Amino acid sequence: MLKKALDSRTKTLGEEIIGLRGVRKTFPGGVLALDGVDLHVRQDEVLVIIGPSGSGKSTLLRCINGLEEIDAGEVTVDGLVLSERTRDAIRREVGMVFQSFNLFPHLTAVGNIMLAPRLVRRWSRRQTDEEAARLLDRVGLSGLGGRYPHQLSGGQQQRVAIARALAMRPRIMLFDEATSALDPEMIGEVLEVMKELALEGMSMVVVTHEMGFAREVGDRIALMDAGRIVEQALPESFFEDPRHERTRAFLSQIL
Ligand code: ADP
Ligand code: MG
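In case it helps, the UniProt record's numbering puts the sequence shown at residues 1 to 255.
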């Protein structure tokens, strides 16, 4: 059912929700992590970014929600130009999920999920309990809200991390190798949650090595290399008929 809905690709994409124009980022020591990146993501779109280690994928995601300052260029999120003034507002619109789940070990699943809404939105206990139950259900963890991270599997912890990001009701979700730290048998359950989010129309930028997911769920695939977007295309042409030698070389290594 899920797969069928995705396969039909009848999705109509909305307005631009993320825009990067000429974005450069150099780290102390002189590493040029982003070398003039132009990238646009539209509402409801799932952009999958692949590329070798060190090519700038994480830095790119971190620049979108203002975790890194850029040296040149411009980032816009949902119509706002990212700056010191807009950064907090933009962060509330953007949820991020990392390779390491980073859950607070002394808080239960519900405690982790509702921490930010309690602080930022000042919701009552009853409101947050209802919302947490809804979010746990959404990531397939109904009934496990009282567990602490060490009482959950890696896949379950990562799904709590996704629920925690969703708790702020973001309009955009960024995933940075969300399944890379998981045992193989747990990867599927996390990808399934991501796939459902995509189907519900969430705008997403997904850095991943899971080519099956990229192909099935991605609306567009981009290859990064040495701080640049080398190629971007619809999944079929990206995988079947890559234009650039760099893309062919990368695909031949991983497929
Ligand atoms: P990827 O996620 O594609 O593996 P990154 O965005 O993590 O790549 O890194 C891009 C480049 O920037 C790499 O050369 C990396 O070593 C460098 N880099 C990333 N973060 C930092 C940092 N905080 N300080 C210095 N160099 C960094
Ligand atoms: Mg990375």
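Think of the CB as a built atom: it goes at the ideal place given N, C-alpha and C, for glycine as much as any other residue. Just so we're clear, the structure is a prediction, and the values are computed from it rather than from any experiment.
With 16 as the cutoff for other CB atoms within 10 Å, does residue i come out buried or exposed?
| i | result |
| --- | --- |
| L255 | exposed |
| Q151 | exposed |
| A109 | buried |
| G145 | buried |
| P149 | buried |
| T12 | exposed |
| R164 | buried |
| G155 | buried |
| V31 | exposed |
| S218 | Checking the sequence, you will find Gly at residue 218 rather than Ser. Burial call: buried. |
| D176 | buried |
| P184 | exposed |
| L119 | exposed |
| E245 | exposed |
| S8 | Because S8 sits at a pLDDT of 47, beneath the cut-off of 50, its placement in the model cannot be relied upon, and the following sentence gives the value as read from the coordinates. With fewer than 16 other Cβ atoms within 10 Å, it is exposed. |
| E131 | buried |
| E189 | buried |
| L20 | buried |
Taking 8 Å as the limit between beta carbons, can you name the residues of its chain near residue i, skipping five residues before and five after?
| i | result |
| --- | --- |
| A33 | K25, T26, F27, G56, T59, G227 |
| D71 | R24, K25, T26 |
| A116 | R164, A167, M168 |
Looking at residue j and residue i, is the spacing between their C-beta atoms short of 8 Å?
| i | j | result |
| --- | --- | --- |
| Q43 | S203 | yes |
| F250 | G51 | yes |
| A161 | N65 | no |
| E236 | T247 | no |
| R220 | A233 | yes |
In chain order, what residues of the same chain lie with their CB nearer than 6 Å to the CB of residue i, ignoring the 5 residues before and after it?
| i | result |
| --- | --- |
| M173 | G95, M202, M204 |
| L197 | none |
| G14 | R42, Q43, D44 |
| R62 | E68 |
| V139 | R159, I162, A163, V193 |
| A222 | I49, I229, Q232 |
| F238 | I221 |
| P170 | E93, V94, G95 |
| D35 | G227, R228 |
| E16 | H40, R42 |
Output needed for residue i: all residues of its chain with C-beta closer than 7 Å, excluding positions within five of it in sequence on either side, in chain order.
| i | result |
| --- | --- |
| V81 | E74 |
| N112 | L103, F104, V160, R164 |
| Q157 | F101, L103, P149 |
| P242 | E231, R248, L251 |
| S153 | M186 |
| T86 | L80 |
Kindly give me the distance between the Cβ atoms of residue i and residue j, rounded to whole angstroms, as I take these residues to be in contact under 8 Å.
| i | j | result |
| --- | --- | --- |
| I49 | M224 | 6 Å |
| L135 | A167 | 6 Å |
| L39 | I229 | 6 Å |
| E210 | L182 | That belief does not hold up - the Cβ atoms of E210 and L182 are roughly 11 Å apart, past 8 Å. |
| V37 | V206 | Contact doesn't hold; Cβ gap of about 17 Å is too wide. |
| V97 | A178 | 5 Å |
Item to check | Any residue whose CB is nearer than 5 Å to a heavy atom belonging to the ligand ADP, listed in chain order | outcome: F27, V31, A33, S53, G54, S55, G56, K57, S58, T59
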